[in-house]
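Participant: This is the structure I have questions about; it appears just below.
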Amino acid sequence: MRQLFGTDGIRGVAGEYPLDPPTAFAVGVALARWIGTHAAGEVVIGIDTRESGPWLAEHVAGGLEREGVGARFAGLITTPGLAHAAKIGPFAAGVMISASHNPYQDNGIKIIDHSGFKLPDEQEHVLEQYIFASSGAGLRPAKPLVADPGLDREYVEFLAATLPGGLAGVHMIVDAANGSATYLGPELFTRLGARVECIGCSPDGRNINLHCGSQHLAPLRAKVLETGADVGVAFDGDADRALFVSHSGKIVDGDAVMLLTALPLHARGRLTEVVATVMSNLGLERALKNHGIGLVRTAVGDKYVLEEMLRRDAPLGGEQSGHVIFREYSTTGDGLLTALRVLDAMRCTGQDLDQLTQEMKTYPQRLVNVRVRERRPLQEMDLVNREIRRTESEFGDAGRVLVRFSGTEPLARVMVEGPELDRVEFHADAIAAAIRGEIGE
534 MRQLFGTDGI
544 RGVAGEYPLD
554 PPTAFAVGVA
564 LARWIGTHAA
574 GEVVIGIDTR
584 ESGPWLAEHV
594 AGGLEREGVG
604 ARFAGLITTP
614 GLAHAAKIGP
624 FAAGVMISAS
634 HNPYQDNGIK
644 IIDHSGFKLP
654 DEQEHVLEQY
664 IFASSGAGLR
674 PAKPLVADPG
684 LDREYVEFLA
694 ATLPGGLAGV
704 HMIVDAANGS
714 ATYLGPELFT
724 RLGARVECIG
734 CSPDGRNINL
744 HCGSQHLAPL
754 RAKVLETGAD
764 VGVAFDGDAD
774 RALFVSHSGK
784 IVDGDAVMLL
794 TALPLHARGR
804 LTEVVATVMS
814 NLGLERALKN
824 HGIGLVRTAV
834 GDKYVLEEML
844 RRDAPLGGEQ
854 SGHVIFREYS
864 TTGDGLLTAL
874 RVLDAMRCTG
884 QDLDQLTQEM
894 KTYPQRLVNV
904 RVRERRPLQE
914 MDLVNREIRR
924 TESEFGDAGR
934 VLVRFSGTEP
944 LARVMVEGPE
954 LDRVEFHADA
964 IAAAIRGEIG
974 E
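Just so you know, we're using this note's numbering here: the sequence shown kicks off at 534 and counts up by one.
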């Protein structure tokens, strides 16, 4: 059982355990010792725009250097950009300091191995043991780190090469969430010939994801409608996800992106199934089925999507939240790459996002979180199971029920999908009430 690592690295409030200086230093020491059993070489470290990023990076680097492992600093970079650097450079591993879509007070440490992939659960468990064993290693942070600008420049070169046709004539709005894509996003799209207007591109260390980015699409939608732009794209804090707004103001999520990018791959005989999570909408499953494409579901988390993609040799997978993985190009979800693939689909077909996503019927979905005092197996809770069976009986194959426990918080998560919103809300609330009655706080 992992104690530090969640579904996407080590997360917490910056300055508090496990994101305090001694633990960050211990992570560096532990990573150096773990690397010693696998490979040799430097570690590349990147950050997003949070004010805590530089000191956390310096403490991780200090732990690495204590054990004789060098650290190269990429500076402000996206998580997929850091993964790309780890893969193509002379690096034994990569460390991304980011809490993704969370507010600035939080931060996180993501470990990426030299192949560019996030560590599997079993390797994170091993690394945790090294971290606990290194917790008394003292504290000696590195000197202030100086960024190597060549690392993110090479990443932009790589992305641009995936779209040789360019983006001439495209008018787009970019919301960088005051995060990692603040400079890389506009630079990439402008270089390819697009006319770019940027919002959420003025980071101050504390405004990352604040009323902007993929968690807050209203400002982007308003800007697209005001300017008549062809498309808007919003990233999260570390730009490993992207969500879109069409010319008419329609919100296009990760499910719709997977549909519109799956169809051309299927037409070329390169795709038979898409990998998504249990949270992807039933509408995606049905739209894909209409084209003879299967949908395989995994646990929540893009790392689990990728693991299943690798097992099945599937070229495309992702999450409703906007993490989309294109295995031809990347080892992780990449918001900038996703934007290029969406823009390429628009350019190749001559269709806008409204046309490309018109097949996608989104079923009403209701999510309810219930605080719990314990995690009891669902099959042992008669009232909960009775409500689940009642919901499944009413909806049949036109709906879904998912009840799961959070991996990081004392929460039971209830998700109900169905054809009518009022019945979806009724059943979701009934299941949540049954959980509260059985194990609620």
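The beta-carbon is built from N, C-alpha and C at its ideal position, and this holds for glycine as well. Quick caveat: nothing in here was measured; it's all calculated off a predicted structure.
Kindly indicate which residue of Gly608, Gly601, Ala619, Ala675 has the alpha-carbon position closest to the one of Pro555.
Facilitator: Ala675
Participant: Report the residue ranges of all alpha helix (DSSP H) runs contained in full by the region 701 to 737; include only those spanning at least 4 residues, in chain order.
Facilitator: 714 to 724
Participant: May I have the straight-line CA-CA distance separating Thr890 from Cys745, to the nearest angstrom?
Facilitator: 24 Å
Participant: Can you name, in chain order, every residue of its own chain whose Cβ lies under 6 Å from the Cβ of Ala565, other than the five neighbours on each side?
Facilitator: Leu597, Glu600, Val602, listed in sequence order.
Participant: So, Gly855 versus Gly787, is the Cβ gap smaller than 8 Å?
Facilitator: yes
Participant: With a CB to CB cut of under 8 Å and the five nearest residues on each side skipped, what residues in its chain are close to Phe859?
Facilitator: Thr794, Pro848, Leu849, Asp867, Leu870, Thr871, Arg874
Participant: Sort Phe768, Glu974, Val934, Glu953 by Cα distance to Ile964 and report the nearest one.
Facilitator: Val934
Participant: Counting only the same chain and skipping the five closest in sequence on each side, list residues whose C-beta sits under 8 Å from that of Tyr550.
Facilitator: Here Tyr550 has Thr556 as same chain residues with Cβ atoms under 8 Å from its own Cβ, once five neighbours each way along the sequence are excluded.
Participant: Can you check which of these residues, Gly649, Ile610, Lys756, is closest to His704 by C-alpha distance?
Facilitator: Nearest C-alpha to His704 among Gly649, Ile610, Lys756: Lys756.
Participant: Which of the three DSSP states, helix, strand or coil, is assigned to Phe650?
Facilitator: coil
Participant: With distances taken between CB atoms, is the gap from Ser633 to Asp773 smaller than 8 Å?
Facilitator: yes
Participant: By the three-class DSSP mapping on this structure, what secondary structure does Leu944 have?
Facilitator: strand
Participant: Quick one: complete alpha helix (DSSP H) runs, 4+ long, within the region 617 to 692?
Facilitator: 654 to 666
Participant: Three-state secondary structure (DSSP) at Gln898?
Facilitator: strand
Participant: So, Val838 versus Glu852, is the Cβ gap smaller than 8 Å?
Facilitator: yes
Participant: Use the C-beta contact count for Cys881: other C-beta atoms within 10 angstroms, 16 or more gives buried, fewer gives exposed.
Facilitator: exposed
Participant: Quick check on the burial criterion: 16 or more other C-beta atoms within 10 angstroms. Buried or exposed for Gly929?
Facilitator: exposed
Participant: In the structure shown, what three-state DSSP assignment does Ala755 receive?
Facilitator: helix
Participant: Cβ of Ile972 within 8 Å of Cβ of Arg899?
Facilitator: no
Participant: Looking at the strands, I want to know which residues DSSP matches up with Arg605.
Facilitator: Val577
Participant: Which stretch, first to last residue, makes up the alpha helix (DSSP H) that contains Thr924?
Facilitator: 915 to 928
Participant: Identify which residue in Pro613, Asn918, Ala547, Gly932 has its Cα closest to the Cα of Val949.
Facilitator: Gly932
Participant: Expressed to the nearest angstrom, what Euclidean distance is found between the alpha-carbon atoms of Ala762 and Ile784?
Facilitator: 14 Å
Participant: On the criterion of 16 or more Cβ atoms from any shown chain inside 10 Å, does Asn814 qualify as buried, or is it exposed?
Facilitator: Burial call: buried.
Participant: Which one of Leu678, Val689, Gly569 has the shortest CA to CA distance from Leu589?
Facilitator: Leu678
Participant: Taking the beta carbon of Gly671 as the centre, do at least 16 other beta carbons fall within 10 Å, making it buried, or is it exposed?
Facilitator: exposed
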